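To start, the structure under review is shown below, and the notes come after it.
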Amino acid sequence: MQEAALMRAKQPSEGPLRAPSVPGGESGWHIDPITLRPVIDDLEAFEREFAHDYAREVIRALWSGDPVTARERCEVMLAERPSSVRLRAILADCRRDLGETDQAIADYRVLLEECRGTAWESVLHQHLGKALFTAGHYDLALTAFAQAYELRVFTGAHPSLIDSSMVAMSRTQHMLEIQHRARRRH
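Numbering follows the UniProt record's numbering, in which position 9 of the sequence shown is assigned residue number 9; successive positions increment by one, without gaps.
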């Protein structure tokens, strides 16, 4: 269900893609269907899955609700790998979780422009959608999630990634309905 494995997987300049992990079960994490953010359920299982991931410490901090530590660690790693799409995307997630949604959205838009037509594109649309969702821009978030979904279906992505986009679209549609009802009352 997750783009996390693709975020973890190294892209063409950083190595080959790996099959995405499916949250729940053995992975030790899941996407919260309300916030659309990853949450660690089982630290030992998470550590096993991410044992060889160079960004494990950053991801653990972020997914454990400590975006300040995650950002600090990510910035140190980015100093060594400034062109890493993955680390730049993780930093945008840190900014999103710190409430710096305008900057996160801008970061994802830059990354999307740089990565159009690559394996990163659907992941970046999905994460742009999450930043827009967090900022309350549900109409734009729905569009971003739909773009991620369409790309994932078109490219034959792992079913868990397609499901992730479907869950995000459903949750965002629900939030749009709530937003529209609230506006009609005023």
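The beta carbon of each residue, even a glycine, is placed where N, CA and C say it ideally should be.
The structure displayed is predicted, hence computed values, not measured ones.
Exercise for the section: Please report the Cβ distance between Leu151 and Glu113, rounded to the nearest whole angstrom; I am assuming they are in contact, meaning their Cβ atoms lie under 8 angstroms. Expected result: Rounded, the Cβ-Cβ distance is 15 angstroms, inconsistent with contact.
Problem - Of the residues Ile178, Gly136, Ala182, Leu161, the one placed nearest Ala146, counting alpha carbons only - result: Leu161
Exercise for the section: Report yes or no: do three or more beta-carbon pairs, one from the segment 54-67 and one from the segment 121-139, lie closer than 8 angstroms? Expected result: no
Handout entry: Within the segment 108-174, ranges of the alpha helix (DSSP H) (whole runs, at least 4 residues)
Key = 120-134, 138-155
Practice task
Going by DSSP, name the residue or residues bridged to Val85.
Solution key: Val85 is not bridged to any residue.
Exercise for the section: Kindly indicate which three-state DSSP category His180 falls into: helix, strand or coil? Expected result: helix
Handout entry: According to DSSP, residues forming a beta bridge with His30
Key = Val39
Exercise for the section: Report all residues from its chain with a CB closer than 8 angstroms to the CB of Ile40; omit the five preceding and five following residues, and keep chain order. Expected result: Gly28, Trp29, Phe46, Arg60, Trp63, Ser64
Exercise for the section: Within its chain, find whatever has a CB closer than 6 angstroms to the CB of Asp42; leave out the 5 residues flanking it on each side and keep chain order. Expected result: Gly28
Exercise for the section: Could you round the C-beta distance between Ala55 and Ile31 to whole angstroms and report it? I think they count as a contact, below 8 angstroms. Expected result: Rounded, the Cβ-Cβ distance is 18 angstroms, inconsistent with contact.
Practice task
Quick one: give me the first and last residue of the alpha helix (DSSP H) that Ala70 is part of.
Solution key: 67-80
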